[in-house]
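The sequence shown begins at 20 in our numbering and counts up by one. Glycine included, each C-beta is placed from N, C-alpha and C at the ideal position. Bear in mind that the values here come from a model prediction, so they are computed numbers and not experimental data.
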Amino acid sequence: MAGRLAGKVAVVTGAAPRGEGVGNGMATAILFAREGAKVVLVNRSAERADKLARQIKDEGGEASVFAGDVAQADAAEAMAAFAVKTYGRLDILHNNVGVGAPGTPETVTPADWHKVLEANLTTTMLCTKYCIPR
């Protein structure tokens, strides 16, 4: 596939949606691939990411899967290394991991709020930290 991103390597975190339909990460990964990028699909679930990789490949694109929890520093660092080892470079990082907490500020538990911060902020910081030097 040729396009505006031909020759680029793009990492998309939170690439595969949990349920049916198309999430932001999936839509972004498909668009990047259609524009010619080689896409690294980062997701906790390898099974869901593998399904998306097959879809991208069926459309003529190139995709690989990194399964792991990038809220953990070792996984985020391994993800960046995987992208470079697989494709020789890393040009684009799309930090897409994100969750919400059930309830309102009055009812949300500290544990649920911690999960929100870890998913929405920690993953972004760690993935950026380890992808920038690549």
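*Using the Cα positions of GLY55 and THR147, report the straight-line distance between them to the nearest angstrom.*
If I take the Cα positions, the gap works out to 22 Å.
*So, is ALA92 buried or exposed, given that buried needs 16 or more other C-beta atoms within 10 angstroms?*
ALA92 should be labelled exposed.
*asked:* I need the straight-line Cα distance from LEU145 to ALA34, nearest angstrom please.
replied: Cα-Cα distance, rounded: 17 Å.
*asked:* Tell me the DSSP secondary structure of THR128 in three-state form.
replied: In this structure, THR128 counts as coil in the three-state DSSP scheme.
*If you follow the beta strand (DSSP E) that GLU81 is part of, which residue opens it and which one closes it?*
It spans 81 to 86 - the beta strand (DSSP E) in which GLU81 sits, taken as one unbroken run.
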